[in-house]
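Protein chains in written order, with numbering that gives the first Met the number 0: chain A, 0 to 231; chain B, 0 to 242. Here's the structure, in structure tokens; my notes come after.
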Amino acid sequence: MQTIIEAIAQAIQLILTLDPVVVEIAGRTLLVTSIALSISMVVGVPAGAWLAVARVPGKKLFTAFIYTGMGMPPVVAGLAVYLLLSRAGPLGDLGWLFTIRAMVVAQVIIATPLVVGVTMSAVLAVEPALFFQLRALGATRLQARLAVLYEARVGVIVGLVAGFGSIISEVGAVMLVGGNIDGSTRVLTTAIVLETRKGNFDLALALGIILLGLSFMANLGMALGQGRLQHL
Amino acid sequence: MTAVFSVQNARKTYNRRTVLDVPELTIHAGEVFTLVGPSGAGKSTLLRLLALLETPSTGTVRYHAPAGPVTHDSATIEDRRQLAMVFQRPALLSRSVYHNVAYGLRVRGSRNGHQRITTALERVAMQPLAGQNPQQLSGGEMQRVAVARALVLEPRVLLLDEPTANLDPTNVRIIEDLITEQNRDFGTTIVLVTHNIFQARRLATRVALLIEGRIVENSPTEVFFDDPTDPRTRAFVSGDLIY
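Pasting the structure below:
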């Protein structure tokens, strides 16, 4: 109990004094997560919408892959990226291992199946006749598809929230491919692991509270946006 | 009489089951052409083919646009925009009533449609509810919005799939009056699907009876009801079960 109280006090102190190390780590965490989530959104939302309506051979197999990806252990994604980017790997020449780029790649692989899968389910839940009704009112195929996607907007945001939650709290993959290098690839989750190993439980807990706070603020923002969209 | 639609040897097959088989059908400009028949007879399928939403499995369905006849595959978006269809279930966008009625104009790039939207809402007596979300509307109100968003487009042809199914008499009356008015005052060709033979008698200039995907009677309204050629039509208008 003593540790928890001290941790909360330290977290407040670190935030109020804008501790430069904490600010740097928190900033990097948000940077990596937001870049990865943006890429997952750009790729995952159209892919999920397309998968919901496409009639192509192998669709069920591809859907099964997506669902598997939704439950994939992040450390497995990290291992795959590690092997790809390691010096002997096929993409080793890029020199991305132990950089923020490698962390972004790993997080994109973790978040994208979630965004695709939830977007697909949200689009499938829209009234099936709506697409044809909009076409019958003179919409082009693209216009009708976009309108259907807009109808699924609440579900799409849930997919983004799920993707965000899966990567901001993830530690195994970013530890493997980022290396937890001080001043370079250290993020909140890897810093928490490090401080715990060093026995600095109060600092680790303080970083954990900051991580939870950041996650809450981001999710609150998305929830407020979701509510606004719902009432348009 | 100018043909608006011509159907030749059109068949529609789903999973090897033929649901529609129409050797010949012509619908003329200015008609209120009504398709009646039991459930599953292929009425809605024929309507979707006429609306160029689907292609026949074999044969042709042509829409005679002012610039010339087109099919599902050859129709341009401008050709398609001369048609508007209202579905049996009013699939509305989860946005305001006003936005729903504005949708067809917006996809056409029209930015000055406020007066037209207001007029369309007034015609269906929905102007006071323009700001409401469809979730807050009754079934009849939703169907009136669905009709308004087709009327606002001032289509050359209006295709209606059971627009008054499951509605109370007041809403039925409002929608039937609109159909009559649209045909009489604006010359809009109407193709109406209904299972209600009384409605067909009230609205139609010509009635066709579809049974198991085939048109067994296609006559002017008076002939259809008073002197039909097919015994199944006689049974159908008498209220006998024909399926």
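Here a beta-carbon is modelled for each residue, glycine too, at the ideal position from N, C-alpha and C.
8 Å Cβ cutoff, residue i in contact with chain B
i: THR139 (chain A); result: yes
i: GLN106 (chain A); result: no
i: GLN142 (chain A); result: yes
i: VAL23 (chain A); result: For the sequence presented, residue 23 (chain A) should be read as Glu rather than Val. Chain B contact via Cβ: absent.
i: GLU150 (chain A); result: yes
Sub-8 Å separation of residue i and residue j beta-carbons
i: PRO112 (chain A); j: ILE65 (chain A); result: yes
i: ILE109 (chain A); j: ALA76 (chain A); result: yes
i: GLY29 (chain B); j: THR220 (chain B); result: no
i: SER95 (chain B); j: GLY139 (chain B); result: no
i: LEU243 (chain B); j: ARG122 (chain B); result: Limits of chain B in this structure are 0 at one end and 242 at the other, which puts residue 243 (chain B) out of reach.
i: VAL117 (chain A); j: ALA161 (chain A); result: yes
i: ILE214 (chain B); j: VAL21 (chain B); result: yes
i: THR232 (chain B); j: LEU208 (chain B); result: yes
i: LEU50 (chain A); j: LYS59 (chain A); result: no
i: ALA119 (chain B); j: ILE173 (chain B); result: no
i: VAL173 (chain A); j: VAL192 (chain A); result: no
i: GLU200 (chain A); j: THR2 (chain A); result: The sequence shown places Phe at residue 200 (chain A), not Glu. Against a cut-off of 8 Å, the Cβ pair of THR2 (chain A) and PHE200 (chain A) comes out as a contact.
i: ILE156 (chain A); j: GLY224 (chain A); result: yes
i: VAL107 (chain A); j: ALA217 (chain A); result: no
i: ILE116 (chain B); j: THR139 (chain A); result: no
i: THR59 (chain B); j: ALA9 (chain B); result: yes
i: THR252 (chain B); j: VAL31 (chain B); result: Outside the displayed span of chain B (0 to 242) sits residue 252 (chain B), for which this structure offers no information.
i: MET40 (chain A); j: LEU159 (chain A); result: yes
i: GLN81 (chain B); j: ARG16 (chain B); result: no
i: LEU24 (chain A); j: ALA203 (chain A); result: Contrary to the premise, residue 24 (chain A) reads as Ile rather than Leu in this sequence. Their beta carbons are not under 8 Å apart, which means ILE24 (chain A) does not touch ALA203 (chain A) by this criterion.
i: ILE26 (chain B); j: VAL192 (chain B); result: no
i: LEU255 (chain B); j: GLU175 (chain B); result: Because chain B here runs from 0 to 242, residue 255 (chain B) falls outside it and cannot be looked at.
i: THR12 (chain B); j: VAL206 (chain B); result: no
i: VAL122 (chain A); j: VAL52 (chain A); result: yes
Expected contact under 8 Å - CB spacing of residue i and residue j to nearest Å
i: LEU46 (chain B); j: GLY103 (chain B); result: Contact flag wrong, Cβ pair sits at about 18 Å.
i: GLN142 (chain B); j: PRO162 (chain B); result: 6 Å
i: ALA147 (chain B); j: VAL100 (chain B); result: 5 Å
i: LEU19 (chain B); j: GLY36 (chain B); result: Actually they are not in contact, since the Cβ atoms of LEU19 (chain B) and GLY36 (chain B) sit about 11 Å apart, beyond 8 Å.
i: THR184 (chain A); j: THR98 (chain A); result: 7 Å
i: ALA143 (chain A); j: ARG134 (chain A); result: 5 Å
i: ALA205 (chain A); j: LEU13 (chain A); result: 6 Å
i: GLN87 (chain B); j: ALA164 (chain B); result: 6 Å
i: GLY171 (chain A); j: VAL31 (chain A); result: Incorrect: roughly 15 Å between the Cβ atoms, too far for contact.
Length of the line joining the Cα atoms of residue i and residue j
i: ASN217 (chain B); j: ALA64 (chain B); result: 23 Å
i: VAL176 (chain A); j: GLY112 (chain B); result: 56 Å
i: GLY91 (chain A); j: ALA101 (chain A); result: 11 Å
i: PRO55 (chain B); j: ASP78 (chain B); result: 18 Å
i: VAL144 (chain B); j: GLN198 (chain B); result: 20 Å
i: LEU48 (chain B); j: VAL114 (chain A); result: 36 Å
i: SER43 (chain B); j: LEU92 (chain B); result: 22 Å
i: LEU17 (chain A); j: GLN9 (chain A); result: 12 Å
i: LEU141 (chain A); j: VAL147 (chain A); result: 10 Å
i: GLU53 (chain B); j: ALA74 (chain B); result: 12 Å
i: GLY26 (chain A); j: VAL125 (chain A); result: 38 Å
i: ASN195 (chain B); j: GLY238 (chain B); result: 11 Å
i: LEU15 (chain A); j: ILE209 (chain A); result: 12 Å
i: GLY39 (chain B); j: PHE235 (chain B); result: 15 Å
i: LEU158 (chain B); j: PHE4 (chain B); result: 12 Å
i: ASP184 (chain B); j: PRO127 (chain A); result: 34 Å
Chain-ordered neighbours of residue i on chain B, where CB pairs are closer than 7 Å
i: GLN132 (chain A); result: PHE86, ALA90
i: ALA51 (chain A); result: Simply none; closest approach about 16 Å.
i: GLU126 (chain A); result: ALA90
Within-8 Å CB hit, residue i to chain A
i: LEU52 (chain B); result: yes
i: ILE178 (chain B); result: no
i: ALA64 (chain B); result: no
i: SER93 (chain B); result: yes
i: ALA149 (chain B); result: yes
i: ALA40 (chain B); result: no
i: ARG172 (chain B); result: no
i: ALA207 (chain B); result: no
7 Å Cβ cut-off: residues of chain A touching residue i
i: GLY103 (chain B); result: LEU136, GLY137
i: ARG110 (chain B); result: Neighbours of ARG110 (chain B) on chain A: none; closest Cβ ~16 Å, over 7 Å.
Neighbouring residues, chain A, relative to residue i (Cβ below 9 Å)
i: LEU152 (chain B); result: LEU136, GLY137
i: VAL106 (chain B); result: LEU133, LEU136, GLY137, ALA138, THR139, GLN142, ALA143, ALA146
i: ALA83 (chain B); result: ALA135, LEU136, GLY137
Neighbouring residues, chain A, relative to residue i (Cβ below 8 Å)
i: ILE76 (chain B); result: GLY137, THR139
i: ARG15 (chain B); result: Those within 8 Å of ARG15 (chain B) in chain A number zero; the least Cβ separation is about 18 Å.
i: ARG80 (chain B); result: GLY137
Neighbouring residues, chain B, relative to residue i (Cβ below 8 Å)
i: LEU129 (chain A); result: ALA90, LEU92
Contact test: residue i Cβ vs the ligand MG heavy atom, cutoff 7 Å
i: LEU150 (chain B); result: With respect to the ligand MG, the structure offers nothing, as it holds no ligand at all.
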